[in-house]
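Asker:
Numbering (the numbering used here), first residue to last: 26 to 138.
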């Protein structure tokens with residue numbers, strides 16, 4: 026029985042086999058026996074706006090509905106524009122500034138300008 030290779034994400038060697046998959050208990054990454062490293066590229070998430078267009082870093086976007094900002098009395102108005110967005114991982118996948126306030130927004134409330 027062969028030992029699985031080091032984890033391609035965290036590079037630690039504390040990995041084990043579970044059926045067809047290799048598992049890293051340190052970072053939770055799972056991968057198969059593929060020899061190529063395209064699994065890191067497959068993890069790249071495609072972010073789409075409310076109309077289904079693909080968003081990229083540096084795009085300008087417009088809000089499609091009024092949004093209340095949690096923990097604040099600010100309400101972002103429909104039609105507010107954010108220039109130079111940045112895509113990030115997570116539930117709120119767009120990092121931007123609207124009216125001088127730095128915010129994390131969900132792409133489903135934005136449309137590409």
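No residue lacks a Cβ here, since even glycine has one placed at the ideal position from N, Cα and C.
#1: Mark residue 52 as exposed unless 16 or more other C-beta atoms lie within 10 angstroms of its C-beta, in which case mark it buried.
#2: Would DSSP call residue 132 helix, strand or coil?
#3: Could you give the first and the last residue of the continuous beta strand (DSSP E) run that contains residue 103?
#4: Decide yes or no for the touch test of the stretch 41-51 against the stretch 95-115: beta carbon pairs closer than 8 Å, at least 3 of them.
#5: Please identify the residue among 97, 129 and 99 whose C-alpha is closest to the C-alpha of residue 110.
Answerer: In terms of the structure at hand:
#1: exposed
#2: helix
#3: From DSSP, residue 103 is part of no beta strand (DSSP E); its letter is neither H nor E.
#4: no
#5: 129
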